[in-house]
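Remember, the numbering used here sits 180 above the position in the sequence shown when you count from 1. C-beta: ideal position from N, C-alpha, C; glycine also. The structure under discussion appears below in the form of structure tokens.
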Amino acid sequence: MSAKILKAPGSLDGDPQAQEVDPAELTALRGKMVKFASMQLGDQQLAEDAVQEALMGAFKNTAAYAGKATLKTWVFAILKNKITDILRQRQRQHLVSTHQHMEDADEEADLTELFNGRGMWESDERPATWGNPTETLHDKQFWMVFELCLEGLPGQQAKVFMMREYVGLDAREVCAEVGITSTNLNVMLHRARLRLRECLEDRWFARRGATC
Numbered sequence: 181m182s183a184k185i186l187k188a189p190g191s192l193d194g195d196p197q198a199q200e201v202d203p204a205e206l207t208a209l210r211g212k213m214v215k216f217a218s219m220q221l222g223d224q225q226l227a228e229d230a231v232q233e234a235l236m237g238a239f240k241n242t243a244a245y246a247g248k249a250t251l252k253t254w255v256f257a258i259l260k261n262k263i264t265d266i267l268r269q270r271q272r273q274h275l276v277s278t279h280q281h282m283e284d285a286d287e288e289a290d291l292t293e294l295f296n297g298r299g300m301w302e303s304d305e306r307p308a309t310w311g312n313p314t315e316t317l318h319d320k321q322f323w324m325v326f327e328l329c330l331e332g333l334p335g336q337q338a339k340v341f342m343m344r345e346y347v348g349l350d351a352r353e354v355c356a357e358v359g360i361t362s363t364n365l366n367v368m369l370h371r372a373r374l375r376l377r378e379c380l381e382d383r384w385f386a387r388r389g390a391t392c
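The following block contains the structure:
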């Protein structure tokens, strides 16, 4: 028997805004959702609970899904809001009294080798041409490569990068949650962006620009 298709509650047949959601599609996203939530929350059980609430919210609010975004984008937006609520609630309940120094050993690498004495890129380290950014943003394969690059970041770098750039917490909230100073945060974000740039240039832009 095929999975039941959920239609937006109260929608009429023929309504151009009504969108059908297959529960199997939502269930298939669960693994990635748990992995993302676990990275942000640092607690497997809390991550499982957040994902469960997000999926339940998606099932109950199919009317809000108008098909303007992909199902994955819509569901992850719900999860992102759940994670944000949890993180902010945790900050209210606990006062951060000590700074955690959890940077990976290789994060201590000297980045000055990327630049010359005038602060300019060294010739061998200069960023490659990234082509048309608009086309890249709509390329599904690009985002698959981006996820691989993100997974390759040291744990703490990936966590603060996603908190800041994806979940949308401000710098103060990220620092309070992770237990680092604003200076440390800026350094970690800078290093994360450099690593992502290098990974994308190697796995995506260089290959896209290669000729047969």
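Query raised in the report: Candidates R383, A356, R371 and G348: which alpha carbon is nearest L259's?
Result: G348
Report task. Could you pull out every residue in the same chain whose Cβ sits closer than 7 Å to the Cβ of C480, ignoring the five residues on either side in sequence? Result -> Residue coverage of the chain in this structure runs from 181 to 392, which leaves residue 480 outside it and unanswerable.
**Report entry** Contacting residues, own chain, Cβ-Cβ under 6 Å from K215 (five flanking each side not counted)
**Finding:** none
**Report entry** Between the CA atoms of L235 and H370 - distance to the nearest angstrom
**Finding:** About 34 Å.
Query raised in the report: Just to confirm, are L330 and A338 a CB contact at a threshold of 8 Å?
Result: yes
Query raised in the report: Under the three-state reduction of DSSP, which class applies to P334: helix, strand or coil?
Result: DSSP places P334 in coil when its eight states are reduced to three.
Requested in this report: Would you kindly report the start and end of the unbroken alpha helix (DSSP H) that includes L369?
Outcome: For L369, the uninterrupted alpha helix (DSSP H) run begins and ends at S362 to L380, by DSSP.
Query raised in the report: Does DSSP classify N261 as helix, strand or coil?
Result: N261 carries a helical assignment under DSSP once its states are collapsed to helix, strand and coil.
Query raised in the report: With 16 as the cutoff for other CB atoms within 10 Å, does D286 come out buried or exposed?
Result: Because D286 carries a pLDDT of 48, less than 50, the predicted location of this residue cannot be relied on, and the following value inherits that uncertainty. Exposed.
Query - E357, buried or exposed, once every other Cβ within 10 Å from all chains shown has been counted against 16 - result: Buried, since its Cβ has 16 or more Cβ neighbours within 10 Å.
Query raised in the report: Using a Cβ-Cβ cut-off of 8 Å (strictly less than) and excluding sequence neighbours within five positions of Q280, which residues of its own chain qualify?
Result: Unreliable positioning characterises Q280 in this predicted model, as indicated by a pLDDT of 40, which lies under 50. The coordinate reading is nonetheless provided below. Excluding residues within five positions, the ones whose Cβ falls inside 8 Å are V358, G359 and I360.
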